[in-house]
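These notes concern the structure reproduced below.
Residue numbers (the working numbering): 87 to 451.
What follows is the structure, encoded as structure tokens:
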């Protein structure tokens, strides 16, 4: 009987231990769940969370902590901010892992000094992660170190690819000309651009700005009234009536009183509709009526003001600086495009298995 009691006691102890082990094991597995596998490399929730935290910081640097409160209707593509951030974190994770796997075949590795520097940065970062996040996802200093080393190695691979690609001059120019302002300014010489026409202006509105600063057409009846009004003003101008009086009586421009309807314009930089009625105008003449998305316009040319040598010199110096900046940005764009093409090919060759249900449960908060 004593022996039976002895074994019964140990059986109870074993059952309790099994239950305890089962519970703690389940909790541990939950923290260490595999969220995604990339060519067989298993990525657990702790590592994914580091990517989440990085993107969360990036978003808040730009939009502040209130960025997460922006309604999805006002955000990119109508997607909630948190979902956009999660998508970005996922893309970053996949890209870094793919680039890291290509490092050895490209002969790229991190120097010892870079490794030590990165580890120190990782440790400092780990110490700043909120404790509740660390506990919830079982994030360790080692996991942060390994992830930060992944970041650094991926950057080395990316930089190496970009440094080896040199775009052709005609490619650079083609991208630069995609900038509408640059394209327009390149069509004319400096003197044409800086020559100003002093004009008086009459406007009758066919559209107005709503509360979102969007231009909204007026009713058909209001637009017809605007047309009739500008035609009446035009007839008076052609008859030789005082243009200032016409402005006061007919123009619907909000700031007409501040400028007496008078402006200095670079004709070559105007829209095609306005340029058409102004480019051949002589001093003292009144233009034909022009129609734009804002309404009907009529001008009187008061004077032409050519630029000084100093103005030409200053403009050309500033333009050159801007052009160089635009060229640098265009080169970066072309390098990024070349890199993206290579990366997308690598991505096609990569086996990615995402545990969608587990992924959906993960949150930035």
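Just so you know, even glycine gets a beta-carbon here, dropped at the ideal spot from N, CA and C.
Source: prediction; values computed, not measured.
Given residue i, which residues of its chain have a CB within under 6 Å of its CB, disregarding the five upstream and five downstream residues?
i: residue 383; result: 289, 376
i: residue 179; result: 137
i: residue 212; result: 227, 230
State the beta-bridge partners of residue i as determined by DSSP.
i: residue 166; result: For residue 166, which the question treats as bridged, DSSP gives no partner whatsoever.
i: residue 130; result: 120
i: residue 349; result: 285
i: residue 377; result: 382
Given residue i, which residues of its chain have a CB within under 7 Å of its CB, disregarding the five upstream and five downstream residues?
i: residue 355; result: 270, 279
i: residue 449; result: none
i: residue 436; result: 124, 125, 184
i: residue 171; result: 141, 142, 145, 450
i: residue 130; result: 118, 119, 120, 121
i: residue 357; result: 378
i: residue 248; result: 421, 425
i: residue 295; result: 301
Taking the C-alpha atoms as reference points, what is the distance between residue i and residue j?
i: residue 218; j: residue 225; result: 10 Å
i: residue 432; j: residue 250; result: 18 Å
i: residue 422; j: residue 359; result: 38 Å
i: residue 386; j: residue 418; result: 46 Å
i: residue 95; j: residue 176; result: Because residue 95 carries a pLDDT of 41, less than 50, the predicted location of this residue cannot be relied on, and no value is offered for it.
i: residue 144; j: residue 259; result: 32 Å
i: residue 442; j: residue 142; result: 21 Å
i: residue 198; j: residue 189; result: 16 Å
i: residue 400; j: residue 410; result: 16 Å
i: residue 228; j: residue 243; result: 23 Å
i: residue 402; j: residue 365; result: 23 Å
Over the uninterrupted alpha helix (DSSP H) stretch that includes residue i, give me the two end residues.
i: residue 369; result: Looking at the DSSP string, residue 369 is not in any alpha helix (DSSP H), and its letter there is neither H nor E.
i: residue 420; result: 395–434
i: residue 322; result: 306–324
i: residue 210; result: 198–212
Check for me: the beta strand (DSSP E) holding residue i runs from which residue to which?
i: residue 439; result: 438–440
i: residue 382; result: 381–391
i: residue 302; result: 301–303
When you compare the CB of residue i with every CB in chain D, is at least one pair closer than 7 Å?
i: residue 326; result: Here chain D cannot be found, since the structure has a single protein chain.
If you drop the 5 nearest sequence neighbours on each side, which residues of the same chain put their C-beta closer than 8 Å to that of residue i?
i: residue 223; result: 117, 131, 132, 135
i: residue 98; result: Low local confidence applies: a pLDDT of 37 at residue 98 is under 50, so the model's placement there is unreliable, and no value is given.
Check: Which whole runs of the alpha helix (DSSP H) in the stretch 247–295 are 4 residues long or more, in chain order?
Finding: 255–262, 266–272, 276–280
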